[in-house]
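In the working numbering, the protein residues as written are 130 to 200.
Cβ atoms here follow ideal geometry from the backbone N, Cα and C, with glycine treated the same way.
Notes follow once the structure below has been shown.
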């Protein structure tokens with residue numbers, strides 16, 4: 130067999146694909162409520178603590194807040 134380690138915060142993406150004979154995997158790790166997972170292919174983030182998956186987009190600081198200085 131093989132062992133593959135992907136420690137947290139190394140920013141190393143990973144994917145596994147089975148060959149013609151299939152694949153069996155044993156996975157383990159921690160599931161902390163403040164974990165955040167980034168999916169680079171789909172540009173999504175998963176905030177485990179609140180159970181939300183969302184797509185990231187760049188916004189201006191005042192986006193949706195009206196004009197700066199207005200009530």
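The DSSP assignment places 165-168, 173-176 and 181-184 as complete runs of the beta strand (DSSP E) inside the region 130-197, in order along the chain (cut-off: 3 residues). Between the alpha carbons of residue 134 and residue 198 lies a distance of about 50 Å. Across the structure, residue 163 and residue 174 are spaced so that their CA atoms are roughly 13 Å apart.
The criterion of a C-beta distance shorter than 7 Å is not satisfied by residue 187 and residue 169.
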